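**Q** Below: one structure in structure tokens.
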Amino acid sequence: MKQYAYYPGCSMDSTAVTYKKSFEYIASKIGLVMKEIPDWNCCGSTAAHTKNEKMAYALSARNIAIAEEELPGLDIVTPCASCYSRLKYASYVGKNDEAKRQEIEEVLRRSFKAEAEVLNFLDLFEDPEIQEAIKEKLHRNLEGLNVACYYGCLMSRPREITGETDPENPMKMDEIIELTGAKAIAWDYKTECCGASHQVDAPEHARELIDRIFRNAQANGADVIVTACPLCNMNLDMREAEINKNFGRKYNIPVFQFTELIAIAMGASAADCGIHQHFFPAFDVINEVVKTGAKKAAAEAKAEAKKDPLKDGPIVVGKAGR
Amino acid sequence: MARIGVFICHCGTNIAATVDVEKVAEAAKSMPGVAYARDYKYMCSEPGQAMIKEAIEEHNLDRIVIGSCSPRMHETTFRKMLKGTKINPYLLEIANLREQCAWVHTDKAKATEKAINLVQMAVAKVANNKPLTTSTIPITKRALVIGGGIAGIQAALDIADAGYDVTIVEKEPTIGGHMVMLDKTFPTMDCSACISTPKMVDAGAHPNITLKTSCEVEKVDGYIGNFEVTIKEKAKYVNHDLCTGCGLCQTKCPTKVTSEFNQGMSKRSAIYIPFAQAVPSKPVIDPQACLKLTKDKCGICEKICPIGAINYQDEVKYTTEQYGAIVVATGYELVDWKQMYPEYGGGKYEDVITGLQFERLVNASGPTEGHIVRPSDGKEPKDVVIVKCVGSRDPKKGKTYCSRACCMYSAKHAHQILDKIPNSRVYIFYMDVRTPGKGYEEFYDNTRKDGAQYIRGRVSKIYKEGSKLIVKGEDSLIGRPVTVEADMVILATAMEAAPGVEEVVSKLGISMDKDRWVQEAHPKLRPVETQSAGIFLCGTCQGPKDIPDTVSQAGAAASKVIGILNHDEMETSPMISHVDQTKCAGCGYCVECCPYKAISLVEVPGRDGNRKVTKTVAQVNEGLCQGCGCCTATCRTGCIDLRGFTNDQILKEVDALCL
Amino acid sequence: MEKILNREEGKLLADRIAKEANVALDECYQCGKCSAGCPMANSYDLMPRQIVHLMHLGDMDTVMKSKTIWLCASCHTCVERCPHDIDIPTLIEKSRMEAQKRGISAQRNVRLFNDIFMETVRGFGKSQEVILEGAYNVTSGRLLQDMANVPQMLKKDIVRPELNSVQDKEDIRRIMKECEEGGAVK
Amino acid sequence: MSIKKDDNWEPKILAFCCNWCTYTGADLAGLNRMKYPENVRTIRVPCSSRVNPQFILRAFQKGADGVLVCGCHPGDCHYATGNYFTRRRFMLMQRLLEYNGIDPKRFQAKWISGSEAAKFRDTVTEVSAQIKALGPNTKFVAPHYDNALQAKEGGAE
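Chains as they are written, first to last, in our numbering: chain A, 1 to 322; chain B, 1001 to 1659; chain C, 2001 to 2186; chain D, 3001 to 3157.
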């Protein structure tokens, strides 16, 4: 299987604990090798490019430069939408603006070729080889779970940076999540902004953004929302209860990282992907689906075994193909 | 040796004030081939012309140069003058001593020197002029109209009323086009079908009009006065000569598909008459839908047709006909907004409809018998949003142009909703309201008085929550975002040239602009002509427009056609290209670059040593060639030349200039 | 408030920003699609459309004093849907940098958050969410913000008290310093 | 061979003008009594695409100092597409001439419509000044024109 240079980003080591756990579970099951970029640093995120453009490029480019030097030939993968956007911008500028590339190289005092591709987790899980490997390891079917895939802004916009062909209705995560047997519902707030760091520095203005996302997910029949970004996830998960309280809502939509659902479908326990570490209670809904799925799979396997008298051995629970 | 006469005009003092005309005439006398030269006050005047004619006789001149005003001014005058003499009218050159010498210079010595040089060039050129004769071509007194919408019907009726045969070629099974789909027409609110169906019937019944429905133009040859057009008639699978139009077949047909006429909002059978007032009112079979034709099953229509008009073996037929003039009236289609605007749902929501769908919805003969209801659940909408400029005025996602009719039809839709649904609310998101037409601004005024809310701003997103469509816009006049919870959204989608216009245009050898509209010869002064003589255009194939403009343009195109068909024959310009076929290598480069498709490759007998062979050479169609000369510069062997502006003539001019 | 820039200076600045952002300000026909789709627009004092218009007029003074440039979340919805492909996020971002240079900020807390964020990066090479939140709360005076979540975070082992940092902190500090001294990318 | 510039020396400039746009524009310049240098002579052609590259070579051979090809604006050609051909041919021709040592300023193409009298005046004035600054054309000039040329230059050294 293809190897990747890994840029976890600062949140992966702290708030994005469920993202980290579930991803590590999947990687270990399918034998995915992620080589962490040695001594990586913060990409600068939103703050750097509101202050100093050169600093924003340089902080991100340092990571690409180290990866190119230490992990030559590997694509760089990052789980965070914001890191992805910043690294991708640096890479884009390095690729398309020779003068700026040289300037960045100068301040880094490292060679910055801008040759390594920058990928997000959705790009990674789009790889047919990885998808095949996941399919082989599937042990549960999450059928019956209606999932609203939330992409946020930076995975798809601006399209010249991300290369997304349909920023209004991206489908990558939907396709990945449907591997689990769950249904990725059509909804309209896939790429609406969650407010990002404004949830901290301008909460009085930004909370309504989260409310609107939950409202649309609920209106379209979502049981859960899945994200592919530590910050989006935290903004939704951590504030759902507060929204319910302050806005007088009754949302009951747990928020997962998409990797959590995949890990669960692959047989991970609640502890394996940190279901108990959610802010908004998430265990019940997923437990329900898993139980129903198991019963159904058992019944099907039984029926199958009856149909085929030659088939013997223990009843295999799972591998219920879609 | 040529005997050239040079005549230098004073033009009063216009030329004489800055150019020493006597000196020019004097200098001309010593130019090669000049037998006679003189100056005169007004060459174009009666006595001036008489003087030239006398000099021709007296000095036995065989070609003349006139140093006067621009050839664009008096070339034709002097050519006409020469018609009465022994000199061929094309053995004339004019040196432009007024507009391009006397009037633009002040230094008399230098201007005189330039004038002498200009005369020299004209003398050098005229020595190489060849006598040319205009020829005449007969005119076929029939017209072809491509497209049977209101533009085509109007043009055909006008031409037919003037006494000429007209054929209407329409690709659909009926004429009528878009107008007959509309409910009411602004600003007078006439019933659209009530005023257009009589015209359709007139066209169908007119003794001079032949309707060719389910037909397309396959091939066009020839030129003004003599077009030869091959028309392809698609298989109808119903013999219209036998069919009485009883309609029994379509009531029994078990296959139902989406109705084009009702814009996808109802079903029709596989054998169908598009709508009740269709002309001809006879069915055709849709070969994609028919069970008999696709799976060899069913066959019910054949069994129940009382006169045996059904013919499953029907095939495509080709006929070739002669026409003197052609009118292009291929019309429009609405842009495919679903591809352009994913932010408006991209077609996900049934209750986001186009203006044309609304026309069917509100029409008494439409799928809901005129009740305005939501396509999704059949409920009457209370809050309706109309979004203007969908696909128009949008360089990134759609077309740059303004689609012109939308402001008015949106106002009309608002009026109809407010009128038909009590307590309804209509919100119109607009960027500008454009109402340039008689009674239009007043109509817009009344719509606002009816209660339509005009909100200035473009809509950013339309999505669904529950049964409501959420429309997000900005009220840019107060500078706040607005959200409207609507039951139905009507998009005022832009018009674009009908699909297939590319093929029609390339078959006719005319052109399109960057937006695929058929190009008129001149936007102001030749608005219904194309750059190919004898081919005219009208209606929305030329650009977005409303019905009054379409109908007036159709009348204008018809009058141009009548102007041609009125003559028995027409004169052609002799200043066109011709090929020296002995030198032509048949490379075909000239064929490629000719904008009029006037050059073709033909096989002619030739010789290779003593052997007789056939060789491929270029040939110019004299009726099509407009004399631009583009081909001459592309010819490798120099065998193609432009009469009146031959290589020899121009080279001699160049030489004279450089003396 | 005192004028920071007059019209001529403002026009020069606006034109420079527009050029750097590769935006033709005169292409905007004020349709308002940007404002309509903006998730933060309810909180703005100036609509994105008005920012473009003011820049076209050369009134950078009003632009730089607005809340809007600090509240923009850089989600790029506006430019994605703009009929003329006007890169409003970049116009706003660059206006914000100019405002920052002149010490103007109509949303003090946004600026504060960014400053603290960058200081933690300067200190550790990685952002420290605990320190960030803590320091922000103290300096912004919003002591209790999000504090309700802290016990839960610690209990659920979501954040740990120990800190992450890069090994080569000096390299990060040097890069940041040189960038600050060198100003913006040419 | 150095070129002595004679202040009284006037270049010979040839302008091929299409009948529908530039020639009309030139006539309009006259009608408006605009003034421009005498050293430009126009040759009327139906369309700028009628201009055969041969004409240009011939002009330089015979001692023209500059050649201007003028037509309708691209997209506005009276014959629909003629000036697109002109544009392409011009670019090839200019490169060929440049390769042969002819300054590209000596061979220019301009788009001037029938209403742009002022543009016609400005163009010929500008081109005339440019060519005057370049001095006489010596490339391609056929041998038997040498004498004339020398006379023009005030003698070659």
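From the three backbone atoms N, C-alpha and C, an ideal C-beta is built for every residue, glycine too. No experiment lies behind these values; they were computed from the predicted model shown.
Touching or not, the region 1379-1397 of chain B and the region 1510-1529 of chain B, by the rule of three or more beta carbon pairs under 8 Å?
**A** Touching, no, given that fewer than three Cβ pairs across the two stretches are closer than 8 Å.
**Q** Would the beta-carbon of A:T259 fall within 8 Å of that of A:S22?
**A** Residue mapping note: residue 259 of chain A aligns to position 259 of the first sequence, counting from 1. Residue mapping note: residue 22 of chain A aligns to position 22 of the first sequence, counting from 1. Yes, the Cβ-Cβ distance between A:T259 and A:S22 is below 8 Å.
**Q** Quick one: using the 10 Å Cβ neighbour count with 16 as the cut-off for buried, is D:E3153 buried or exposed?
**A** Your numbering for residue 3153 of chain D matches position 153 in the fourth sequence. In this predicted model, D:E3153 has a pLDDT of only 49, less than 50, meaning its place in the structure is not dependable; the value taken from the coordinates is given anyway. Label assigned to D:E3153: buried.
**Q** So, is A:S111 buried or exposed, given that buried needs 16 or more other C-beta atoms within 10 angstroms?
**A** Position 111 of the first sequence, counted from the first residue, corresponds to residue 111 of chain A. Label assigned to A:S111: exposed.
**Q** Just to check my reading of the structure: B:Q1250 and B:I1271 have Cβ atoms closer than 8 Å, yes? What is that Cβ distance to the nearest angstrom?
**A** Taking the second sequence and counting its residues from 1, one reaches residue 1250 of chain B at position 250. Taking the second sequence and counting its residues from 1, one reaches residue 1271 of chain B at position 271. Contact flag correct, Cβ pair sits at about 5 Å.
**Q** Since B:G1398 meets chain A, which of its residues come closer than 9 Å, beta carbon to beta carbon?
**A** As a position in the second sequence, residue 1398 of chain B is number 398, starting the count at 1. Going along chain A, no residue has its Cβ under 9 Å from B:G1398, so there is no contact; the nearest lies around 15 Å.
**Q** Leaving out five residues before and five after C:M2055 in sequence, what residues of the same chain have Cβ atoms less than 8 Å from its Cβ?
**A** Reading the third sequence from its first residue, position 55 is the one you call residue 2055 of chain C. Same-chain partners within the cutoff: A2014, I2017, A2018, L2025, V2063, L2091 and S2095.
**Q** Start and end of the beta strand (DSSP E) containing B:D1674?
**A** Since the first and last residues shown for chain B are 1001 and 1659, residue 1674 of chain B lies out of range.
**Q** Output the boundary residues of the alpha helix (DSSP H) element that contains B:Q1357.
**A** Taking the first residue of the second sequence as position 1, residue 1357 of chain B is located at position 357. Segment G1355 to V1362, the alpha helix (DSSP H) holding B:Q1357.
**Q** Measuring only the C-alpha atoms, how far is B:G1588 from D:Q3054?
**A** As a first step, residue 1588 of chain B is located in the second sequence; it is residue number 588 there, counting from the start. As a first step, residue 3054 of chain D is located in the fourth sequence; it is residue number 54 there, counting from the start. Approximately 20 Å, taken between the alpha carbons.
**Q** Could you tell me whether the region 1635-1655 of chain B touches the region 3090-3108 of chain D, where touching means 3 or more Cβ pairs closer than 8 Å?
**A** Not touching, per the Cβ criterion.
**Q** Measuring from the CB of B:V1328, is there a heavy atom of the ligand SAH at a distance below 7 Å?
**A** Looking for the ligand SAH in the displayed structure turns up nothing, as the structure carries no ligands at all.
**Q** Out of C:V2023, C:C2078 and C:E2008, which one is the CA nearest neighbour of B:G1473?
**A** For the purposes of this step, residue 1473 of chain B is identified with residue 473 of the second sequence, where counting begins at 1. Nearest C-alpha to B:G1473: C:C2078.
**Q** Rounded to whole angstroms, what is the Cα-Cα separation between A:K20 and A:K137?
**A** The sequence position of residue 20 of chain A within the first sequence is 20, counting from 1. The sequence position of residue 137 of chain A within the first sequence is 137, counting from 1. Those two C-alpha atoms are separated by around 19 Å.
**Q** Quick check: what's the CA-CA separation for A:G73 versus A:S11?
**A** Walking along the first sequence from the start, residue 73 of chain A turns up at place 73. Walking along the first sequence from the start, residue 11 of chain A turns up at place 11. Their backbone Cα atoms lie some 26 Å apart in a straight line.
**Q** B:P1138 by DSSP, collapsed to three states: which one?
**A** Translated into positions along the second sequence, residue 1138 of chain B becomes position 138. B:P1138 falls in the strand class under three-state DSSP.
**Q** Listing by chain order, which chain D residues have their CB less than 8 Å from the CB of B:E1653?
**A** Along the second sequence, read from residue 1 onward, the residue named residue 1653 of chain B stands at position 653. Going along chain D in sequence order, the residues near B:E1653 (Cβ under 8 Å) are I3043.
**Q** Quick test of your reading: B:A1498 and B:F1186, contact by CB under 8 Å. State the CB separation rounded to the nearest angstrom.
**A** As a first step, residue 1498 of chain B is located in the second sequence; it is residue number 498 there, counting from the start. As a first step, residue 1186 of chain B is located in the second sequence; it is residue number 186 there, counting from the start. Contact flag wrong, Cβ pair sits at about 22 Å.
**Q** In chain order, which continuous runs of the beta strand (DSSP E) of length 3 or greater are located wholly inside the region 1243-1328 of chain B?
**A** Segments of the beta strand (DSSP E) lying fully in the region 1243-1328 of chain B: 1256-1258, 1267-1269, 1317-1323 and 1325-1328.
**Q** Identify, in the order they occur along the chain, each residue of the same chain with its Cβ nearer than 6 Å to the Cβ of B:Y1463, setting aside the five sequence neighbours on each side.
**A** As a working mapping, residue 1463 of chain B is identified with position 463 in the second sequence. So the list reads I1470, once near-sequence residues are dropped.
**Q** With distance defined between alpha-carbon atoms, name the residue in C:D2115, C:R2122, C:G2058 and C:I2069 nearest to C:V2166.
**A** Sequence index remark: in the third sequence, residue 2166 of chain C carries index 166 (1-based). Among C:D2115, C:R2122, C:G2058 and C:I2069, the Cα nearest to that of C:V2166 is on C:R2122.
**Q** Pick helix, strand or coil for A:D312, following the three-state DSSP scheme.
**A** Along the first sequence, read from residue 1 onward, the residue named residue 312 of chain A stands at position 312. Because A:D312 carries a pLDDT of 49, less than 50, the predicted location of this residue cannot be relied on, and the following value inherits that uncertainty. Residue state, collapsed to three classes: coil.
**Q** Based on Cα-Cα distance, which residue from B:L1418, B:A1002, B:S1192 and B:M1408 lies nearest to B:V1034?
**A** Mapped onto the second sequence, residue 1034 of chain B falls at position 34. Nearest option by C-alpha distance: B:A1002.
**Q** So with CB distances below 8 Å, who are the chain A contacts of C:G2182?
**A** Within the third sequence, numbered from 1, the residue matching residue 2182 of chain C stands at position 182. Neighbours of C:G2182 on chain A, chain order: K54 and V107.
**Q** Since B:M1181 and B:E1359 are thought to touch, with beta carbons under 8 Å apart, how far apart are those beta carbons, to the nearest angstrom?
**A** Against the second sequence, residue 1181 of chain B aligns to sequence position 181. Against the second sequence, residue 1359 of chain B aligns to sequence position 359. 6 Å between Cβ atoms; contact.
**Q** Are the C-beta atoms of B:E1343 and some chain A residue less than 8 Å apart?
**A** If you number the second sequence from 1, residue 1343 of chain B lands on position 343. Cβ-Cβ to chain A under 8 Å: yes for B:E1343.
**Q** When you compare the CB positions of B:K1461 and B:E1350, do they come within less than 8 Å of one another, or not?
**A** Along the second sequence, read from residue 1 onward, the residue named residue 1461 of chain B stands at position 461. Along the second sequence, read from residue 1 onward, the residue named residue 1350 of chain B stands at position 350. No, Cβ-Cβ distance for B:K1461 and B:E1350 is not below 8 Å.
**Q** Could you give the distance in angstroms between the alpha-carbon of A:R207 and the alpha-carbon of C:R2081?
**A** Counting from one through the first sequence, the residue named residue 207 of chain A turns up at place 207. Counting from one through the third sequence, the residue named residue 2081 of chain C turns up at place 81. Those two C-alpha atoms are separated by around 24 Å.
**Q** Quick check on B:W1337 - is its C-beta less than 8 Å from some C-beta in chain D?
**A** The residue given as residue 1337 of chain B occupies position 337 in the second sequence. So no, B:W1337 is outside the interface.
**Q** Give the straight-line distance between the Cα atoms of B:A1155 and A:E164, rounded to the nearest whole angstrom.
**A** To locate residue 1155 of chain B, count along the second sequence from 1; it is residue 155. To locate residue 164 of chain A, count along the first sequence from 1; it is residue 164. Their Cα atoms are separated by approximately 49 Å.
**Q** With H, G and I counted as helix, E and B as strand and the rest as coil, what does DSSP make of B:V1018?
**A** To locate residue 1018 of chain B, count along the second sequence from 1; it is residue 18. Checking the sequence, you will find Thr at residue 1018 of chain B rather than Val. Looking at B:T1018 - three-state DSSP - the assignment turns out to be coil, as it is neither helix nor strand.
**Q** Can you name the residues of chain C whose CB is closer than 9 Å to the CB of A:F256?
**A** Taking the first sequence and counting its residues from 1, the one referred to as residue 256 of chain A is at position 256. Those do not exist, as A:F256 stays about 15 Å from chain C at its closest Cβ, beyond 9 Å.
**Q** Mind checking which residues open and close the beta strand (DSSP E) that includes D:C3070?
**A** Looking up residue 3070 of chain D in the fourth sequence gives position 70. Note, D:C3070: beta strand (DSSP E), G3066 to G3071.
**Q** Which partner residues of A:P254 appear in the DSSP bridge assignment?
**A** The residue you call residue 254 of chain A lines up with position 254 of the first sequence. For A:P254, which the question treats as bridged, DSSP gives no partner whatsoever.
**Q** Counting beta carbon pairs with one atom in the region 168-178 of chain A and one in the region 140-151 of chain A, are three or more of them shorter than 8 Å?
**A** Yes, since at least three Cβ pairs between the region 140-151 of chain A and the region 168-178 of chain A fall closer than 8 Å, the two stretches touch.
**Q** Under a CB-based cut-off of 8 Å, is A:A202 close to chain C?
**A** The residue labelled residue 202 of chain A in the question sits at position 202 within the first sequence. Cβ-Cβ to chain C under 8 Å: yes for A:A202.
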